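FYI, UniProt numbering numbers position 43 of the sequence shown as 43, with every residue one higher than the one before it.
Beta carbons: idealized from backbone N, C-alpha and C, even for Gly.
All figures in this text were calculated on a predicted structure; none of them were measured in a lab.
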Amino acid sequence: ERGALGFERHYHVTDPFIRRLGLEAELQGHSGCVNCLEWNEKGDLLASGSDDQHTIVWDPLHHKKLLSMHTGHTANIFSVKFLPHSGDRILITGAADSKVHVHDLTVKETIHMFGDHTNRVKRIATAPMWPNTFWSAAEDGLIRQYDLRENSKRSEVLIDLTEYCGQLVEAKCLTVNPQDNNYLAVGASGPFVRLYDIRMIHNHRKSMKQSPSAGVHTFCDRQKPLPDGAAQYYVAGHLPVKLPDYNNRLRVLVATYVTFSPDGTELLVNMGGEQVYLFDLTYKQRPYTFLLPKKCHTSGEVQNGKTSTNGVSNGIHLHSNGFRLAEGRAHVSPQVELPPYLERIKQQANEAFACQLWTQAIQLYSKAVQKAPNNAMLYGNRAAAYMKRKWDGDHYDALRDCLKAISLNPCHLKAHFRLARCLFELKYVAEALECLDDFKGKFPEQAHSSACDALDRDINAALFSKSDNAEDKKGGGPIRLRATGRKDSISEDEMVLRERSYDYKFRYCGHCNTTTDIKEANFFGSNAQYIVSGSDDGSFFIWEKETTNLVRVLQGDESIVNCLQPHPSYCFLATSGIDPVVRLWNPRPESETLNGRVVVDMEGASQANQRRMNADPLEVMLLNMGYRITGLTSGGAGGSDDEDSSEGQVQCRPS
1 ERGALGFERH
11 YHVTDPFIRR
21 LGLEAELQGH
31 SGCVNCLEWN
41 EKGDLLASGS
51 DDQHTIVWDP
61 LHHKKLLSMH
71 TGHTANIFSV
81 KFLPHSGDRI
91 LITGAADSKV
101 HVHDLTVKET
111 IHMFGDHTNR
121 VKRIATAPMW
131 PNTFWSAAED
141 GLIRQYDLRE
151 NSKRSEVLID
161 LTEYCGQLVE
171 AKCLTVNPQD
181 NNYLAVGASG
191 PFVRLYDIRM
201 IHNHRKSMKQ
211 SPSAGVHTFC
221 DRQKPLPDGA
231 AQYYVAGHLP
241 VKLPDYNNRL
251 RVLVATYVTF
261 SPDGTELLVN
271 MGGEQVYLFD
281 LTYKQRPYTF
291 LLPKKCHTSG
301 EVQNGKTSTN
311 GVSNGIHLHS
321 NGFRLAEGRA
331 HVSPQVELPP
341 YLERIKQQAN
351 EAFACQLWTQ
361 AIQLYSKAVQ
371 KAPNNAMLYG
381 NRAAAYMKRK
391 WDGDHYDALR
401 DCLKAISLNP
411 CHLKAHFRLA
421 RCLFELKYVA
431 EALECLDDFK
441 GKFPEQAHSS
451 ACDALDRDIN
461 AALFSKSDNA
471 EDKKGGGPIR
481 LRATGRKDSI
491 SEDEMVLRER
501 SYDYKFRYCG
511 HCNTTTDIKE
521 ANFFGSNAQY
531 IVSGSDDGSF
541 FIWEKETTNL
551 VRVLQGDESI
561 VNCLQPHPSY
571 CFLATSGIDP
581 VVRLWNPRPE
591 SETLNGRVVV
601 DMEGASQANQ
611 RRMNADPLEV
621 MLLNMGYRIT
631 GLTSGGAGGS
641 DDEDSSEGQV
651 QCRPS
């Protein structure tokens with residue numbers, strides 16, 4: 001039996017199945033948007049909640065409606081969950097009427113109604129280790145915990161985000177780690193995702209109540225509602241510094257969905273207004289804020305990932321805050337030649353780059369990087385492709401690749417120069433100047449190249465502009481992490497937690513998440529081999545987890561796909577959105593040659609979504625109404641100015 005489970009987990013979602021994924025059935029029964037889906041543990045029941053305030057329980061394997069009931073809510077249902085250890089008898093719903101209802105499906109009755117929240121309830125979370133217990137996240141900024149065993153049947157506040165972020169903060173989503181139910185992840189307004197230790201919070205509260213001098217510490221308790229170590233924050237490293245720009249363009253960042261990988265070691269976040277991010281909870285890394293390395297003197301030519309002799313230098317290693325110069329003198333090992341099949345992939349990527357097919361080049365380089373993770377040249381080349389494409393977050397990914405290339409080969413010429421350009425594009429102007437000066441010192445023969453001169457002019461123009469004099473961005477201080485706007489009231493505890501945030505491991509691009517705040521992203525496969533996400537263009541996107549490459553786009557709704565819930569043990573996916581139906585997807589028979597739901601031009605769809613995310617909000621509204629907007633640019637979006645055309649070979653051509 002153990003062998004069968006391992007086989008199932010490894011093979012139930014495979015690449016051939018993904019390529020054959022298509023529409024199996026549409027479940028009709030709702031009369032409004034279907035905002036939430038939930039499988040039971042066995043996978044033989046599927047529950048759905050809708051704007052029509054009804055919940056329906058389906059037999060999805062036979063496409064049958066088993067039960068439909070009005071939930072007693074007076075507004076849209078946003079979340080539905082089966083209570084663990086209830087024999088699939090108890091169902092919990094949360095809705096826009098600020099209420100949480102508990103239903104007994106066997107008698108089709110609402111048995112408990114909780115009205116403690118003061119704003120829309122967006123998500124419910126449950127955990128097998130906590131029977132009769134569940135949690136809710138609402139737009140009043142509160143995370144509440146419920147225990148159905150209590151006689152009073154009341155809830156208590158587990159986490160109050162308003163004590164940290166002010167009155168305007170809204171909690172949008174939450175989830176419990178499936179392997180360790182003591183850990184709760186919370187997504188809210190803003191780019192930060194929070195991970196809490198529930199047990200530590202409860203122990204802290206108990207100790208405060210048991211303390212004989214509890215009354216004396218009431219004020220301190222109010223100021224310090226969570227114990228040290230009970231919270232850990234995660235953020236895509238480039239987002240805090242981008243917030244002012246996004247705010248000026250009325251572009252809202254909000255975590256619309258969070259979920260753990262099946263083994264509990266990774267956290268996936270669908271960041272509204274941006275991309276999908278995966279955070280590694282085991283091998284954590286700090287955001288790559290820049291620390292300038294000292295001069296690197298070499299003996300032997302080691303440039304662009306190639307070595308003619310064994311160069312010796314002070315090796316630069318990745319550091320928690322970027323990279324630093326290692327103490328002592330380190331041996332720079334020559335780059336190992338790529339195996340023939342990877343060399344072919346690299347050449348294909350270089351050809352795509354030459355044809356300005358940036359995304360294709362990035363995907364090919366990523367495929368090679370997965371197989372050869374210690375090859376500096378591949379990172380340097382992928383960085384160049386990111387910098388050319390200029391989608392949201394591309395310059396930060398390019399900076400990460402440059403740092404990785406330099407850590408593998410401290411004298412990688414192009415990576416050093418691209419690093420300076422990335423810093424400039426990311427608005428770290430003073431650091432970019434230092435990096436460029438350092439580059440000129442290391443590689444004097446390039447000091448007066450057209451690329452260097454062009455970047456030098458850009459940097460100096462920025463340094464003397466009024467906008468750059470208004471704010472000093474050097475050093476990674478709190479100014480980068482502080483929210484802007486009315487009543488933000490960011491506490492000092494919150495500032496410390498933000499400063500200690502960890503960066504992402506992978507980023508997934510192509511979808512658009514700006515119109516709704518319930519859009520999901522999920523792991524697909526028991527080994528989390530794939531990532532799936534809904535999109536504002538009515539499609540859903542499937543990426544390979546490890547390469548981040550987009551492998552499949554399917555049309556899932558006439559307007560917007562919000563929900564994607566993979567079956568617990570089959571290659572079977574349930575989706576929903578604005579249409580009043582639930583759609584079921586599985587691998588279609590090989591005899592079916594036509595799949596009308598496939599979006600063939602994945603690159604075109606991705607580019608259109610990048611333009612949509614960077615469009616004026618009025619234009620997006622008109623697009624959603626069906627009008628054609630001619631003012632949108634046709635090139636890759638991302639909000640960055642075009643680079644100087646006289647870059648020179650040092651930056652633009654891959655090695």
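How many Å lie between H30 and F523 at the Cα? As a working mapping, residue 30 is identified with position 30 in the sequence shown. As a working mapping, residue 523 is identified with position 523 in the sequence shown. Roughly 26 Å between the two C-alpha positions.
Identify, in the order they occur along the chain, each residue of the same chain with its Cβ nearer than 7 Å to the Cβ of A118, setting aside the five sequence neighbours on each side. Along the sequence shown, one-based indexing puts residue 118 at 118. Contrary to the premise, residue 118 reads as Thr rather than Ala in this sequence. Excluding positions up to five away in sequence, the list reads S98, D140.
Using three-state DSSP, classify G534 as helix, strand or coil. As a first step, residue 534 must be located in the sequence shown, where it is residue number 534. In this structure, G534 counts as strand in the three-state DSSP scheme.
How big is the Cα-Cα spacing for E643 and E351? The residue given as residue 643 occupies position 643 in the sequence shown. The residue given as residue 351 occupies position 351 in the sequence shown. Low confidence applies to E643: its pLDDT is 34, below 50, so where it sits in the model is not reliable, and the reading given next is rough at best. So the alpha carbons of these two residues sit roughly 21 Å apart.
Using DSSP with H/G/I as helix, E/B as strand and the rest coil, what is L278? Here residue 278 refers to the residue found at position 278 when the sequence shown is read from its first residue. In the structure shown, L278 sits in a strand (DSSP, three-state: E or B).
Go to A231, then tell me how far its beta strand (DSSP E) extends in each direction, as first and last residue. Within the sequence shown, residue 231 is the residue found at index 231, counting from 1. Run containing A231: 231-234, per the beta strand (DSSP E) assignment.
Locate the alpha helix (DSSP H) running through residue 659, then write down its first and last residues. Only positions 1 to 655 of the chain appear in this structure, which leaves residue 659 out of reach.
Span of the beta strand (DSSP E), counted from its first residue to its last, around S261: To locate residue 261, count along the sequence shown from 1; it is residue 261. It is not in any beta strand (DSSP E) - S261 carries neither H nor E in the DSSP assignment.
Three or more beta-carbon pairs under 8 Å between the region 512-521 and the region 584-594, yes or no? no
Could you tell me the distance, in whole angstroms, from the CA atom of K427 to the CA atom of K242? Numbered from 1 along the sequence shown, position 427 holds the residue referred to as residue 427. Numbered from 1 along the sequence shown, position 242 holds the residue referred to as residue 242. Rounded to the nearest angstrom, the two C-alpha atoms are 9 Å apart.
Taking all protein chains shown into account, do 16 or more other C-beta atoms lie within 10 angstroms of the C-beta of Y341, making it buried, or fewer, making it exposed? For the purposes of this step, residue 341 is taken as the residue at position 341 of the sequence shown. Under this definition Y341 is an exposed residue.
Give the straight-line distance between the Cα atoms of L174 and L184, rounded to the nearest whole angstrom. As a working note, residue 174 is residue 174 in the sequence shown. As a working note, residue 184 is residue 184 in the sequence shown. Looking at the two C-alpha atoms, the distance is approximately 7 Å.
Here's a check: name, in chain order, each residue in its chain whose Cβ is nearer than 7 Å to the Cβ of R89, leaving out the five neighbours to either side. Along the sequence shown, one-based indexing puts residue 89 at 89. Excluding positions up to five away in sequence, the list reads D104, L105, T106.
Identify the continuous alpha helix (DSSP H) that holds C509 and give its terminal residues. Translated into the one-based positions of the sequence shown, residue 509 becomes position 509. Counting along the chain, C509 falls outside any alpha helix (DSSP H), and DSSP gives it neither H nor E.
Assuming S136 contacts V121 under a Cβ cut-off of 8 Å, what Cβ separation, rounded to an integer in Å, is found between them? As a working mapping, residue 136 is identified with position 136 in the sequence shown. As a working mapping, residue 121 is identified with position 121 in the sequence shown. Indeed, because the Cβ distance is near 5 Å, the residues count as touching under 8 Å.
By alpha-carbon positions, which one of F443, G441, D456, K414 ends up nearest to L433? For the purposes of this step, residue 433 is taken as the residue at position 433 of the sequence shown. Checked all of F443, G441, D456, K414; the closest Cα to L433 is D456.
Within a Cβ cutoff of 6 Å, which residues of the same chain sit near S261, ignoring the five residues on either side of it in sequence? Sequence index remark: in the sequence shown, residue 261 carries index 261 (1-based). So the list reads F523, A528, once near-sequence residues are dropped.
Specify whether the region 255-269 and the region 593-606 touch according to this definition: at least 3 beta carbon pairs, one from each stretch, less than 8 Å apart. no
Report the residue from K440, A420, F439 whose alpha carbon sits nearest the alpha carbon of E431. Counted from its first residue, the sequence shown places residue 431 at position 431. Among K440, A420, F439, the Cα nearest to that of E431 belongs to A420.
Could you check which residue in Q348, T575, T514, G190 has the C-alpha nearest to that of P60? By 1-based counting over the sequence shown, the position of residue 60 is 60. Comparing Cα positions, the closest option is T575.
Under the rule that 16 or more other beta-carbon atoms within 10 Å means buried, what is V336, buried or exposed? Here residue 336 corresponds to residue number 336 of the sequence shown, with the count starting at 1. The residue is exposed, with fewer than 16 neighbouring Cβ atoms inside 10 Å.
Per DSSP, which one or two residues make a beta bridge with D147? Residue 147 sits at position 147 when you count from the first residue of the sequence shown. D147 pairs with T133.
Should G87 and I124 be called a contact, given that it needs their Cβ atoms to be closer than 7 Å? To locate residue 87, count along the sequence shown from 1; it is residue 87. To locate residue 124, count along the sequence shown from 1; it is residue 124. No, Cβ-Cβ distance for G87 and I124 is not below 7 Å.
Evaluate the contact criterion for the region 3-19 versus the region 33-43: three or more CB pairs, one atom per stretch, below 8 Å. no
Buried or exposed for I111, going by 16 or more other Cβ atoms inside 10 Å? By one-based count along the sequence shown, residue 111 stands at place 111. Per the 10 Å Cβ criterion, exposed.
Buried or exposed (CB count within 10 angstroms, at least 16 for buried), Q356: Position 356 of the sequence shown, counted from the first residue, corresponds to residue 356. It counts as exposed.
Out of curiosity, what's the CA-to-CA distance linking N460 and G273? As a position in the sequence shown, residue 460 is number 460, starting the count at 1. As a position in the sequence shown, residue 273 is number 273, starting the count at 1. Approximately 31 Å between the Cα atoms of the pair.
My parser needs the alpha helix (DSSP H) runs of 4 or more residues fully inside the region 333-385; what are they? 340-354, 358-371
Can you tell me whether Q179 is buried or exposed, with buried defined as 16 or more other CB within 10 angstroms of its CB? Here residue 179 corresponds to residue number 179 of the sequence shown, with the count starting at 1. So Q179 ends up on the exposed side.
Could you check which residue in M129, R251, G538, A230 has the C-alpha nearest to that of D392? Looking up residue 392 in the sequence shown gives position 392. Considering only alpha carbons, the answer is R251.
If distances are taken between C-alpha atoms only, which option among E26, L168, N614, S489 comes closest to H62? Your numbering for residue 62 matches position 62 in the sequence shown. H62 has its Cα closest to that of E26, out of E26, L168, N614, S489.
On the CB-based measure, 16 or more other CB atoms within 10 Å of its CB, does E343 come out buried or exposed? In the sequence shown, the residue the question calls residue 343 occupies position 343. So E343 ends up on the exposed side.
If I measure Cβ to Cβ from S189 and keep anything under 6 Å in the same chain, skipping five residues before and after, which residues do I get? For the purposes of this step, residue 189 is taken as residue 189 along the sequence shown, with counting starting at 1. Hits under 6 Å: V169, E170, V254.
Check whether the Cβ atoms of Y233 and R286 lie closer than 7 Å to each other. Walking along the sequence shown from the start, residue 233 turns up at place 233. Walking along the sequence shown from the start, residue 286 turns up at place 286. No; because the gap between Cβ atoms is not below 7 Å, this pair is not in contact.
Nearest neighbour of K505, chosen from S539, L268, M377, C411 [CA to CA]: As a working mapping, residue 505 is identified with position 505 in the sequence shown. The candidate whose alpha carbon is nearest that of K505 is L268.
E494 - containing alpha helix (DSSP H), residue span: Here residue 494 refers to the residue found at position 494 when the sequence shown is read from its first residue. Note, E494: alpha helix (DSSP H), 492-499.
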